[in-house]
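Asker: Dropping the structure in here first, questions after.
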Amino acid sequence: MLIRSDRDAFQPPRGNPVTPRAFYQGRRALLQAWAAGAAGAALAPWAAREALAQTARPGKRAALPGARSALPGAVTMERLTAYDDVSSYNNFYEFGTDKGDPVRQAQRLRTDPWSVRIEGLVHKPGRLTLEELLRLAPMEERIYRLRCVEGWSMVIPWVGYSLGRLIERVQPMGSAKYIEFVTLADREVMPGVRGSVLDWPYTEGLRLDEAQHPLTLLAFGLYGELLPPQNGAPLRLVVPWKYGFKSAKSIVALRFVEHEPRTAWNKAAANEYGFYSNVNPEVDHPRWSQATERRIGEDGLFARKRKTLLFNGYEAQVGQLYAGMDLRKHY
Ligand code: MTE
0 MLIRSDRDAF QPPRGNPVTP RAFYQGRRAL LQAWAAGAAG AALAPWAARE
50 ALAQTARPGK RAALPGARSA LPGAVTMERL TAYDDVSSYN NFYEFGTDKG
100 DPVRQAQRLR TDPWSVRIEG LVHKPGRLTL EELLRLAPME ERIYRLRCVE
150 GWSMVIPWVG YSLGRLIERV QPMGSAKYIE FVTLADREVM PGVRGSVLDW
200 PYTEGLRLDE AQHPLTLLAF GLYGELLPPQ NGAPLRLVVP WKYGFKSAKS
250 IVALRFVEHE PRTAWNKAAA NEYGFYSNVN PEVDHPRWSQ ATERRIGEDG
300 LFARKRKTLL FNGYEAQVGQ LYAGMDLRKH Y
């Protein structure tokens, strides 16, 4: 992102290279059977999930199973990025600018109690607790590519539901055209917030129709478990056709507004990080190309770069959102 050292750029992650996919798929079948048994209940009792976590891998956090999503585009069969890479090679500037900082520093993040404020142009403003949010809609597993503007990508099995389900619930007014997402800025536990790398709190924004698109995910978990702190616990966005920085972590408020909100990265460097930030191999970042990417876990002597796809490969699903727009201008 803005602050880059040679160490940050294109550095292979530490940790185990591979989580055996077959193993994970076996486990997924178990989780799905269990989720189906929950007969449509959005959430099973914590005790049952804790028990399941004992038998599941990676087994680092409480289980959060989701039924495999039937939404077009919501599941790729590409090889998953290993859990250890997903959870140790992170961007979460509140915990430091180095890729390894969040896993080291974020473990002090307290996510209980947690609530999200709903503000601005909605008929039902207020505060939703994490428990209410977890129960708001059935959990789904979505396997999405996440591509960072820095040129690396991962394939991650997320757990959550479409942000649209929450938006429906709070009833936006006709004048609401955008949502601003505000994330936690707690100086006590987030060393990065004591510095001025970004204008805290980290904020992001989406046009309302982008936010309502069914692929826009409000994620509470990954790999069938609750999100680790470094990945944005207890809830974050995942917008798979946009660069990773649009996927705000540890959200504390949604503000429904009429005008395009500024975002943390846009404030830091407007010429480098536009509001839309759609993955687009044709539109280079001013300092580096976006034509190819390095898949995390495919490092080593014979690693090849992959071609980056327009809208990160989700063009069939989201292309119509941008019909008629000049994507070079609205980068
Ligand atoms: N959210 C917050 N609050 N703070 C951040 O620094 N970094 C963003 C995004 N969300 C960031 C954030 C960037 S630059 C990326 S690439 C993704 O989170 C990384 O998500 P991951 O660490 O789960 O891969």
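Under numbering that gives the first Met the number 0, residues 0 to 330 are what the sequence shown spells out, in order. Heads up, the beta-carbon is just placed ideally off N, CA and C, and yes, glycines get one too. The structure displayed is predicted, hence computed values, not measured ones.
Give the DSSP-derived three-state secondary structure of V158 in the structure shown.
Answerer: In the sequence shown, the residue the question calls residue 158 occupies position 159. If DSSP states are grouped into helix, strand and coil, V158 belongs with the strands.
Asker: Measure the beta-carbon distance from G72 to E292 and round it to whole angstroms, keeping in mind my assumption that it falls under 8 Å.
Answerer: Along the sequence shown, read from residue 1 onward, the residue named residue 72 stands at position 73. Along the sequence shown, read from residue 1 onward, the residue named residue 292 stands at position 293. In fact, because the Cβ distance is near 19 Å, the residues do not count as touching under 8 Å.
Asker: Output the distance between the C-alpha atoms of R294 and H122, rounded to the nearest integer angstrom.
Answerer: Here residue 294 refers to the residue found at position 295 of the sequence shown. Here residue 122 refers to the residue found at position 123 of the sequence shown. Roughly 43 Å separates the two Cα atoms.
Asker: When you compare the region 164-174 with the region 228-239, are there three or more beta-carbon pairs, one atom per stretch, that lie closer than 8 Å?
Answerer: no
Asker: Pick helix, strand or coil for V85, following the three-state DSSP scheme.
Answerer: In the sequence shown, counting from the first residue as 1, residue 85 sits at position 86. If DSSP states are grouped into helix, strand and coil, V85 belongs with the helices.
Asker: Taking the CB atoms as reference points, tell me whether T96 and V196 lie closer together than 8 Å.
Answerer: Residue 96 sits at position 97 when you count from the first residue of the sequence shown. Residue 196 sits at position 197 when you count from the first residue of the sequence shown. A contact, by the Cβ cut-off of 8 Å.
Asker: Tell me whether E297, by its Cβ, gets closer than 7 Å to a heavy atom of ligand 1.
Answerer: Residue numbering aside, residue 297 sits at position 298 when the sequence shown is read from its first letter. Incorrect: E297 has no Cβ contact closer than 7 Å to ligand 1.
Asker: Determine the direct distance from the alpha carbon of V102 to that of S87, and round the result to whole angstroms.
Answerer: Within the sequence shown, the letter at position 88 stands for residue 87. Within the sequence shown, the letter at position 103 stands for residue 102. When only Cα atoms are considered, S87 and V102 end up about 6 Å apart.
Asker: Identify whether W113 lies in helix, strand or coil by the three-state DSSP scheme.
Answerer: Along the sequence shown, one-based indexing puts residue 113 at 114. Reduced to three states, the DSSP call for W113 is coil.
Asker: What do you get for A263, buried or exposed, if any count of 16 or more other CB atoms within 10 angstroms of its CB means buried?
Answerer: By one-based count along the sequence shown, residue 263 stands at place 264. Taking every protein chain shown into account, the CB of A263 has 16 or more other CB atoms within 10 angstroms, so this residue is buried.
Asker: Between L217 and A269, what straight-line distance do the alpha-carbon atoms span, to the nearest angstrom?
Answerer: If you number the sequence shown from 1, residue 217 lands on position 218. If you number the sequence shown from 1, residue 269 lands on position 270. Cα to Cα, L217 sits roughly 26 Å from A269.
Asker: Hey, G119 and R303 are a contact pair by Cβ (cut 8 Å); roughly how many whole angstroms apart?
Answerer: Mapped onto the sequence shown, residue 119 falls at position 120. Mapped onto the sequence shown, residue 303 falls at position 304. In this structure G119 is not in contact with R303, their Cβ atoms being roughly 46 Å apart against a cut-off of 8 Å.
Asker: On the criterion of 16 or more Cβ atoms from any shown chain inside 10 Å, does A55 qualify as buried, or is it exposed?
Answerer: The residue you call residue 55 lines up with position 56 of the sequence shown. Here A55 scores only 44 on pLDDT, less than 50, and its place in the model should not be relied on; the value that follows carries that caveat. Buried.
Asker: Between the alpha carbons of L205 and Q316, how many angstroms are there, rounded?
Answerer: Here the question's residue 205 lines up with position 206 in the sequence shown. Here the question's residue 316 lines up with position 317 in the sequence shown. Computed Cα separation, rounded: 17 Å.
Asker: Find out if the Cβ-Cβ distance for the pair V282, Y330 is shorter than 8 Å.
Answerer: Taking the first residue of the sequence shown as position 1, residue 282 is located at position 283. Taking the first residue of the sequence shown as position 1, residue 330 is located at position 331. Contact: yes.
Asker: Looking at the structure shown, is E139 part of a helix, part of a strand, or coil, going by DSSP?
Answerer: For the purposes of this step, residue 139 is taken as the residue at position 140 of the sequence shown. Correct three-state label for E139: strand.
Asker: Between the Cα of N90 and those of D83, K98 and Y242, spot the shortest distance and give me the residue it belongs to.
Answerer: As a position in the sequence shown, residue 90 is number 91, starting the count at 1. The shortest Cα separation from N90 among D83, K98 and Y242 belongs to K98.
Asker: Helix, strand or coil for Y92 per DSSP?
Answerer: The residue you call residue 92 lines up with position 93 of the sequence shown. Residue state, collapsed to three classes: helix.
Asker: State buried or exposed for S288, treating a residue as buried only when at least 16 other CB atoms are found within 10 Å of its CB.
Answerer: Here the question's residue 288 lines up with position 289 in the sequence shown. With fewer than 16 Cβ atoms within 10 Å of its Cβ, S288 is classed as exposed.
Asker: Using 10 angstroms around the beta-carbon of D83, count the other beta-carbons present and answer buried if the total reaches 16, otherwise exposed.
Answerer: As a position in the sequence shown, residue 83 is number 84, starting the count at 1. Counting Cβ neighbours within 10 Å, D83 comes out buried, since at least 16 surround it.
Asker: Is the beta carbon of I178 sitting closer than 8 Å to the one on V74?
Answerer: Residue mapping note: residue 178 aligns to position 179 of the sequence shown, counting from 1. Residue mapping note: residue 74 aligns to position 75 of the sequence shown, counting from 1. Not a contact, by the Cβ cut-off of 8 Å.
Asker: Can you tell me which of the three DSSP states M324 falls into?
Answerer: As a first step, residue 324 must be located in the sequence shown, where it is residue number 325. Residue state, collapsed to three classes: coil.
Asker: Answer yes or no: the CB of G204 versus the heavy atoms of ligand 1, is any distance below 7 Å?
Answerer: For the purposes of this step, residue 204 is taken as the residue at position 205 of the sequence shown. G204 Cβ: outside cutoff for every heavy atom of ligand 1.
Asker: Are there 16 or more other CB atoms within 10 angstroms of the CB of L300, so buried, or fewer, so exposed?
Answerer: Numbered from its first residue, the sequence shown carries residue 300 at position 301. With fewer than 16 other Cβ atoms within 10 Å, it is exposed.
Asker: Closer than 7 Å by C-beta to R107: which residues in its own chain qualify, once you throw out the five before and the five after it? Chain order, please.
Answerer: Walking along the sequence shown from the start, residue 107 turns up at place 108. Counting only Cβ-Cβ distances below 7 Å, and skipping sequence neighbours, we find V188.
Asker: Rounded to the nearest angstrom, what separates V154 and N265 at their Cα positions?
Answerer: For the purposes of this step, residue 154 is identified with residue 155 of the sequence shown, where counting begins at 1. For the purposes of this step, residue 265 is identified with residue 266 of the sequence shown, where counting begins at 1. Their backbone Cα atoms lie some 26 Å apart in a straight line.
Asker: I'd like to check one pair, G163 with Q104: are the Cβ atoms closer than 8 Å?
Answerer: For the purposes of this step, residue 104 is taken as the residue at position 105 of the sequence shown. For the purposes of this step, residue 163 is taken as the residue at position 164 of the sequence shown. Not in contact: Q104 and G163 (Cβ atoms no closer than 8 Å).
Asker: Can you tell me where the beta strand (DSSP E) with V237 in it begins and where it stops?
Answerer: Within the sequence shown, residue 237 is the residue found at index 238, counting from 1. Its beta strand (DSSP E) spans residues R235 to V237.
Asker: Quick one: what does DSSP say F22 is sitting in, helix, strand or coil?
Answerer: Reading the sequence shown from its first residue, position 23 is the one you call residue 22. Any reading at F22 must be qualified, since the residue scores a pLDDT of 42, below 50, and its modelled position is unreliable; no value is offered.
Asker: List the DSSP bridge partners of I178.
Answerer: Here the question's residue 178 lines up with position 179 in the sequence shown. Answer is L205 and F255, bridged to I178.
Asker: Alpha helix (DSSP H) containing L197: first to last residue?
Answerer: Position 198 of the sequence shown, counting from 1, holds the residue named residue 197. Unbroken run through L197: none, as it is neither H nor E.
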